[in-house]
Every structure is written in structure tokens, then in C-alpha cells.
Amino acid sequence: MKILELINKTTEYFAQKGVESPRLQIELILSHVLKLPRMSLYLQFEQELKPGELDALRPLVKRRADREPLQHILGETPFYGLTLECGPQALVPRPETEVLVAWVAETLKNEPAGLLYDVGTGTGAIVLALAKHLPGWRLAATDTSPAALELAKRNQARNPSAEISWLQEDLLPVPDESHVIVANLPYLTSEEMTNLQPEVRFDPPLALDGGSDGLDPIRRLIARTRPTTSHIFLEAGASHGEPVSVLLRESGFATVKVREDLNQVPRFIHGKR
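So in my numbering, spot 58 of the sequence shown is number 58, and the numbers just go up one at a time.
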């Protein structure tokens, strides 16, 4: 079978299975199997695929048709200039979270270095991205999942950066002496958890479930902040900008700002004492 023929047939198959951007998906999988840049496929449309290449491709196509995330199939995803290993141990980093990282780096670049905690680190995406932009800062990352922390450590090995303390903790260690907290905690409501997209069902529920109103982990984190915490940056659900802002003001953060994500959804909140 020629490359173009396979792309066309698999695009139709993926579309029937409800896979978004079906042609792009098969092109990325095929690039992965052939170890070629995606754009190089366009120069080799008439090339015949070898039996071994087809054998390697079939199970990956089946997994994507079953709606397993492409990032799990490829084993990695780009994030803020990094390439991160992905798997079922932690939430797949979303492009929207890059907006949060940029906001943190922009805000802190001219501030005295202190101690920054990435709470609920998952793959380590946020703290590893910030490590490149905040020289001199002490960095720590927490997660309740040992498997997620092992994944984050492997990502640090792939993306050498500043020294990072990896801690298995429920939110923050006690005592907490952080100067800055950054967190992308679970924020889906109980109702949203029952209506997940097929791909999201492959993420660990622990990384998604925010309780009845989606705010349980965020509420607990804000309650545990101390006077030493001068900044807190949070990613939250689409309807959470105002309730999270209220929680921050009630906890002593005098200045609260909300920023939109790539789809103009106000989901990032910054509190400053």
C-alpha cells in the first residue's frame, strides 16, 4: 500500500470513529512509525509501505480509533519548548496551560528569587517550563501520585534544568514556606465527570475530579496558603474565574486578576498579597 492511499483510507476510518482532525492524526502516527518529519510524507506519497511498517502501524491506528489520546500513542507531547513523556500516570499537558506558564514567568522575572511550588505537578510540565525562565529560584513540585512523580522525574532527565525537589504530598508540605504557588489542580464538576470526551477518559480520574462544583482541591489549597505566599497562580474551569477570585480575596490576596486562555475562556487566576 502506498503512503497516500493509507492516509486517505485511515482518514476516512478515523472520521467514522469520531476522531477529530482525522488526516492530521494519521499523518502524525505515520511520521512516528517511519521516523520522518510529517511534511516529508508529502514528498513520498507514492512510496510503498513495507510489511514491517504496516505491522507497526496497525495497532497504533486501532488504539487511536478506540479514542486513546494521540499523546499516549506517540509517548510524548510538546509543551512550552519542551518535549515531555506522556502516559496514563498523569494528565496530558494541554496547550492552554502554556498561557499560565507565560503569565507566571512574565510576572516573576523582575522579582527577587524565592521558593516556588508547582502543586499537582503531573508530568512536571509547569515546573520544568518555568525552570528555564526563572534562574535563581528554588523550585519544588508536589503530587499525591508516586507514578506521576516518577514520570515527572523522567521528564526532568529528558529536559535538564535547575534542581527541582519532587515531593509526594497532598497539595503542600507542612510547614509551607512558599513564596509562589502555581497549580493546575482537578477542576471538573461531578456532572462533567459523567460526560467526558472519550480521550479524556484515559487521564487518571484523580487529575480531573474537582468535586461537586469543581472547586474542592482549589478551595483546600487556598485555605492552606500562608502569609509567606505572595503570589498564587491557578488554572480553573470555564466558570470558576469569579468564585476563585472571591476565595482568594477572602484569604488575604488583595489583588486578583483573571486571564483568558487560547479560546478566550477566563480560566487563569492570579492572586497577590
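For every residue, glycine included, the Cβ atom is placed at its ideal position computed from N, Cα and C.
Nothing here was measured: the structure is a model prediction, and the numbers come from that model.
Asked	Found
In angstroms with no decimal places, state the Cα-to-Cα distance between V61 and T10.	8 Å
Curious, which full-length alpha helix (DSSP H) runs of at least 4 residues does the stretch 94–141 contain?	97–108 and 125–131
P274: which of E76, T83 and F202 sits nearest, CA to CA?	Since the displayed the chain opens at 1 and closes at 273, residue 274 lies outside it and no answer follows.
Which parts of the stretch 44–85 are runs of the alpha helix (DSSP H), unbroken and 4 residues or longer, counting only runs that do not cross its ends?	51–65 and 70–74
Measuring alpha carbon to alpha carbon, tell me which residue in H179, L130 and V174 is nearest T228.	H179
A129: buried (16+ other C-beta within 10 angstroms of its C-beta) or exposed?	buried
For W103 and F268, I'd like the C-alpha separation in whole angstroms.	9 Å
Is it right to say P135 is buried, meaning 16 or more other beta carbons lie within 10 angstroms of its own, or is it exposed?	exposed
If you compare alpha carbons, which of A131, A147, A125 and T144 is closest to P95?	A125
By the three-class DSSP mapping on this structure, what secondary structure does F233 have?	strand
Throw me the rounded Cβ distance for the A152 and W166 pair, which I believe falls under 8 Å.	6 Å
Ignore the nearest five residues each way along the sequence and tell me which others in R158's own chain have a CB closer than 6 Å to its CB.	none
Should the stretch 108–125 be regarded as contacting the stretch 57–76, the criterion being three or more beta carbon pairs within less than 8 Å?	no
Just to confirm, are L188 and P217 a CB contact at a threshold of 8 Å?	no
Roughly how many angstroms lie between the CA atoms of E244 and R219, to the nearest whole one?	The sequence shown places Val at residue 244, not Glu. Taking the straight line from one Cα to the other gives about 8 Å.
Per DSSP, K272 forms a beta bridge with which residues?	H231 and T255
With DSSP as the reference, please indicate the residues paired to E277 in a beta bridge.	Nothing about residue 277 can be read from this structure; the chain reaches only from 1 to 273.
Relative to the alpha-carbon of P146, which residue among I7, E169 and E48 has its alpha-carbon at the smallest distance?	E169
Using C-beta distances below 6 Å, list every residue in its chain close to G271, excluding the 5 sequence neighbours before and after it, in chain order.	I232, L248, F253 and V256
Classify E98 as buried or exposed, calling it buried when 16 or more other Cβ atoms lie within 10 Å of its own Cβ.	buried
Could you tell me if T121 is buried or exposed, where buried requires 16 or more neighbouring beta carbons within 10 angstroms of its beta carbon?	buried
Let me make sure I understand the geometry here. Which of E250, R273, S251 and A238 has the alpha-carbon closest to that of P266?	A238
With DSSP run on the structure shown, which of helix, strand or coil describes N8?	helix
Going by beta carbon distance, what residues of the same chain come within less than 6 Å of R154, once the five residues before and after it are set aside?	E85
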